[in-house]
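Here's the structure, in structure tokens; my notes come after.
2 protein chains.
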Amino acid sequence: MTNRSPSLTQSGAELCCTPITDAALSDAEAADLAPVLAALGDPVRLRLLSIVAAEGEVCSCNLEGPLAKSQPTISHHTRVLAEAGLIVSEKRGKWTWWRVAPGRLAMLRTVLGGS
Amino acid sequence: MTNRSPSLTQSGAELCCTPITDAALSDAEAADLAPVLAALGDPVRLRLLSIVAAEGEVCSCNLEGPLAKSQPTISHHTRVLAEAGLIVSEKRGKWTWWRVAPGRLAMLRTVLGGS
DNA sequence: TGGTCACATCGATGCTTGTCAATATGGGGT
DNA sequence: ACCCCATATTGACAAGCATCGATGTGACCA
């Protein structure tokens, strides 16, 4: 494996941004977009994201409680959401803080038919 | 099960409709919402929905071609989208026509942070 | 240097799901 | 009645995924 950013794999891909009501998605566009929506298709991740979105900033250690899942499971889900480009991490000392990635949710709203 | 419309299982559930940026989802809300997003988390279904959304109305027989999947697979995916409340069907003669379910996509946009 | 804490990774397991061939259902035409 | 055509359903199989215990990694503190 080549050199990579230290703490996080994070897709910076520019995804399709035209409403599906305007034009059908291409095969490639759907393939790029589906993993993002699939990341939201799990109740634990959906709730995780909503907690981060509502709080503005949440430490991993403050997720185990509300989500009632083991630490590896939480780590797995944050990873999936981060790879989908939906949340971003920042390390402070021993702790990892999560924030919603700017723009990504707005892009989804647009694709789902927003003006 | 009580009386229901003849040809289609269709969740008429009233789903959560407050932006996740305002308040975190409850366990139950996430459990209700996740399947809808999971339905969109497959590239074939995402493209299927976009075709229906862009065309306005599409016959099942006009989906096999663009999606390059077998007939049972198409039937499976339309069923999943219908059960997620995202599309609705109407039978005309031998054909089944699909349309986007009104309101469902708008609800998703709202939950994902829309005003 | 040694210990503790937060988090990531690995390995295993059981469940879910996308896919298609085969078959069933049911409407239309002749 | 019979045969086609469009769609739904069933059964089976391979791949993917959520979950957790065990272990690795790296930061902080004494």
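Line order of the protein sequences matches chains U and W.
Sequential numbering from -10 applies to the first sequence in our numbering.
Sequential numbering from -10 applies to the second sequence in our numbering.
We treat Cβ as the ideally placed atom computed from N, Cα and C, and that holds for glycine.
Which bits of chain W does P32(U) rub up against, with CB to CB less than 7 Å? Here residue 32(U) refers to the residue found at position 43 when the first sequence is read from its first residue. A19, A20, A23, listed in chain order.
Between the Cα of L56(U) and those of R36(U), A42(U), E46(U), E79(U), spot the shortest distance and give me the residue it belongs to. Position 67 of the first sequence holds residue 56(U). The candidate whose alpha carbon is nearest that of L56(U) is R36(U).
When DSSP builds the beta bridges, which residues end up paired with K80(W)? On the second sequence, residue 80(W) is found 91 positions in, with the first residue counted as 1. K80(W) pairs with T85(W).
P32(W) to R81(U), Cα distance in whole Å? Taking the first residue of the second sequence as 1, we reach residue 32(W) at position 43. Taking the first residue of the first sequence as 1, we reach residue 81(U) at position 92. Going by the C-alpha atoms only, they are around 37 Å apart.
Within the same chain, show all residues whose beta-carbon is closer than 7 Å to that of G103(W), passing over the 5 residues directly before and after it, in chain order. If you number the second sequence from 1, residue 103(W) lands on position 114. P8.
Best match in G54(U), V89(U), W84(U) for proximity to E72(U) [C-alpha to C-alpha]: Against the first sequence, residue 72(U) aligns to sequence position 83. Nearest C-alpha to E72(U): V89(U).
Can you give me the Cβ contacts of R98(W) inside the same chain, cut-off strictly under 8 Å, excluding the 5 residues immediately before and after it? Reading the second sequence from its first residue, position 109 is the one you call residue 98(W). Result list for R98(W): empty, nothing under 8 Å.
Report yes or no: is there a C-beta of chain U within less than 7 Å of the C-beta of I63(W)? In the second sequence, the residue the question calls residue 63(W) occupies position 74. Answer no: the Cβ-Cβ gap between I63(W) and chain U never drops below 7 Å.
Using a 10 Å radius around the Cβ and a threshold of 16 neighbouring Cβ atoms, would you call E79(U) buried or exposed? Here residue 79(U) refers to the residue found at position 90 of the first sequence. Per the 10 Å Cβ criterion, exposed.
Does the Cβ-Cβ distance between A12(W) and A43(U) come in under 7 Å? On the second sequence, residue 12(W) is found 23 positions in, with the first residue counted as 1. On the first sequence, residue 43(U) is found 54 positions in, with the first residue counted as 1. Contact: yes.
When you compare the region 23 to 32 of chain W with the region 16 to 30 of chain U, are there three or more beta-carbon pairs, one atom per stretch, that lie closer than 8 Å? yes
Under the assumption that I63(W) contacts E53(W) (Cβ atoms under 8 Å), give the Cβ distance between them as a whole number of angstroms. Translated into positions along the second sequence, residue 63(W) becomes position 74. Translated into positions along the second sequence, residue 53(W) becomes position 64. About 5 Å separates the two Cβ atoms, so the contact holds.
Report back the beta-carbon spacing between E46(W) and W86(W) to the nearest angstrom; my notes put them in contact at under 8 Å. As a working mapping, residue 46(W) is identified with position 57 in the second sequence. As a working mapping, residue 86(W) is identified with position 97 in the second sequence. Rounded, the Cβ-Cβ distance is 5 Å, consistent with contact.
CB contact check: G74(W) to chain U, cutoff 7 Å: Reading the second sequence from its first residue, position 85 is the one you call residue 74(W). With 7 Å as the cut-off, G74(W) does not count as an interface residue toward chain U.
Could you name the residues of the same chain whose beta carbon sits closer than 8 Å to that of C50(W), not counting the 5 residues immediately before and after it, in chain order? If you number the second sequence from 1, residue 50(W) lands on position 61. Excluding positions up to five away in sequence, the list reads W84.
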